[in-house]
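Structure first, then comments.
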Amino acid sequence: GQMGVAFRYLPTEVRGIKELNLPPILEELARKQTGLVLVTGPNGCGKSTTLAAMIDVINRERKTVIMSLEEPIEYIFKSRESFIEQREIGVDALSFQSALKYIVRQDVDVIFIGEIRDLNSIMVALSAAETGHLVMTTLHTLDAPSSINRIVDVFPAAQQHQIRMQLAETLRGVISQVLLPLAGKDGRIAATEVLICNNAVSNIIRKGNIAEIRGIMETGSRFGMHTLEQSLENL
Numbered sequence: 002g003q004m005g006v007a008f009r010y011l012p013t014e015v016r017g018i019k020e021l022n023l024p025p026i027l028e029e030l031a032r033k034q035t036g037l038v039l040v041t042g043p044n045g046c047g048k049s050t051t052l053a054a055m056i057d058v059i060n061r062e063r064k065t066v067i068m069s070l071e072e073p074i075e076y077i078f079k080s081r082e083s084f085i086e087q088r089e090i091g092v093d094a095l096s097f098q099s100a101l102k103y104i105v106r107q108d109v110d111v112i113f114i115g116e117i118r119d120l121n122s123i124m125v126a127l128s129a130a131e132t133g134h135l136v137m138t139t140l141h142t143l144d145a146p147s148s149i150n151r152i153v154d155v156f157p158a159a160q161q162h163q164i165r166m167q168l169a170e171t172l173r174g175v176i177s178q179v180l181l182p183l184a185g186k187d188g189r190i191a192a193t194e195v196l197i198c199n200n201a202v203s204n205i206i207r208k209g210n211i212a213e214i215r216g217i218m219e220t221g222s223r224f225g226m227h228t229l230e231q232s233l234e235n236l
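Under our numbering, the first residue of the sequence shown is numbered 2, with each subsequent residue one higher.
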């Protein structure tokens, strides 16, 4: 019957992709006009910070409308070139599903979802990406291949083929990350894994041969891809 609280430290200023030492390809993903971009990893690995940096790229470069759905709101964005509206689940909307249902009918170009958690929110996010929005969100998975499997496996077997088709068409990229302590000084740095959904990856997703994605990532540096092992080696 007692109250409890958990605190997370968040800086008031959104840090940029270069300042965070994140891969430059994230800027290119942020410049996509439509599709789905996933940032994945365990709790406390900096997913919100990475997504905030990508939103900041859009906010500084494009005149567009960005809507965020968060539970709770973390970074506070200031509108620059873009107009940003932030909505908190439980305060401004009843649930992710109900908020997403109506947001796609509004004059929004970029939708930032704090997290896709279940079948309904994943379905609406995919639909929004299909109908001309750029959807950026997080998922609690450890790497890029398991992120794709997680989305597909949430659905009943009869729907999984259709979901693979949707993912193959809408997915733009997956960034997976972990935070590691810096050697010799205080602080942490992100080790990342990047999957870019080119034609080869789209075909693999359609066929359901997700295990082949690892090989594509290992040899896809010219597209901006790399595995976590390659990132660790570079660091």
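For each residue, glycine too, the CB sits at the ideal point set by N, CA and C.
Point to revise | Nearest-angstrom Cα separation, counted from glutamate 116 out to glutamine 163 | key: 22 Å
Review point. Which full runs of the beta strand (DSSP E) of 3+ residues lie inside the segment 59 to 124, going along the chain?
Key: 66 to 71, 84 to 89 and 111 to 114
**Study point:** Cβ distance (whole Å) where serine 148 is taken to contact valine 179 below 8 Å
**Key:** With 8 Å as the limit, serine 148 and valine 179 do not qualify as a contact, their Cβ atoms being about 14 Å apart.
Point to revise | Pairwise C-alpha distance: phenylalanine 224 and aspartate 154 | key: 27 Å
Check your understanding: Does DSSP put proline 146 in a helix, a strand or coil?
Key -> helix
Exercise for review: Flag leucine 52 as yes if its beta-carbon sits less than 8 Å from any beta-carbon of chain B, otherwise no.
Suggested key: In the structure shown, chain B cannot be found, because there is only a single protein chain.
Exercise for review: Determine the extent of the alpha helix (DSSP H) in which threonine 139 is found, giving its start and end residues.
Suggested key: Counting along the chain, threonine 139 falls outside any alpha helix (DSSP H), though it belongs to the beta strand (DSSP E) covering 135 to 140.
Check your understanding: Looking at the structure shown, is alanine 201 part of a helix, part of a strand, or coil, going by DSSP?
Key -> helix
Exercise for review: Could you say which of Thr132, Ala100 and Leu52 lies nearest to leucine 23 if we only look at CA atoms?
Suggested key: With distances taken between Cα atoms, leucine 23 lies closest to Leu52.
Exercise for review: Assess, as a yes-or-no matter, whether the segment 96 to 110 is touched by the segment 57 to 68 under the definition of 3 or more beta carbon pairs within less than 8 Å.
Suggested key: Touching, per the Cβ criterion.
Check your understanding: Can you tell which of His134, Ser128 and Leu120 has its C-alpha closest to the C-alpha of alanine 158?
Key -> Leu120
Point to revise | Residue span of the beta strand (DSSP E) that contains threonine 171, given as start and end | key: Threonine 171 -> not in any beta strand (DSSP E); alpha helix (DSSP H) instead, spanning 158 to 171.
Check your understanding: If you check the beta carbons only, do valine 195 and isoleucine 26 fall under 8 Å apart?
Key -> yes
Practice item. Determine contact between the segment 40 to 55 and the segment 196 to 214, defined as no fewer than three beta-carbon pairs at a distance below 8 Å. Key: no
**Study point:** Exposed unless 16 or more other CB atoms sit within 10 angstroms - verdict on glycine 36
**Key:** buried
Point to revise | Pairwise C-alpha distance: isoleucine 56 and glycine 188 | key: 23 Å
Review point. What's the gap between the Cα of threonine 139 and the Cα of serine 122?
Key: If you take the alpha carbons of threonine 139 and serine 122, they lie about 12 Å apart.
**Study point:** Residue from Thr50, Ser83 and Cys46 whose Cα sits closest to the Cα of proline 12
**Key:** Thr50
Review point. Any idea if isoleucine 77 is buried or exposed, counting beta-carbon neighbours within 10 angstroms, 16 or more meaning buried?
Key: Classification of isoleucine 77: exposed, given that the 10 Å Cβ count is below 16.
Exercise for review: Look at the Cβ atom of isoleucine 74, then the Cβ atom of alanine 31, and state whether they are nearer than 8 Å.
Suggested key: At a Cβ-Cβ threshold of 8 Å, isoleucine 74 and alanine 31 do not count as neighbours.
Check your understanding: For glycine 45, which option in Lys19, Gln98, Tyr10 and Leu21 has the closest C-alpha, if you only look at C-alpha atoms?
Key -> Tyr10
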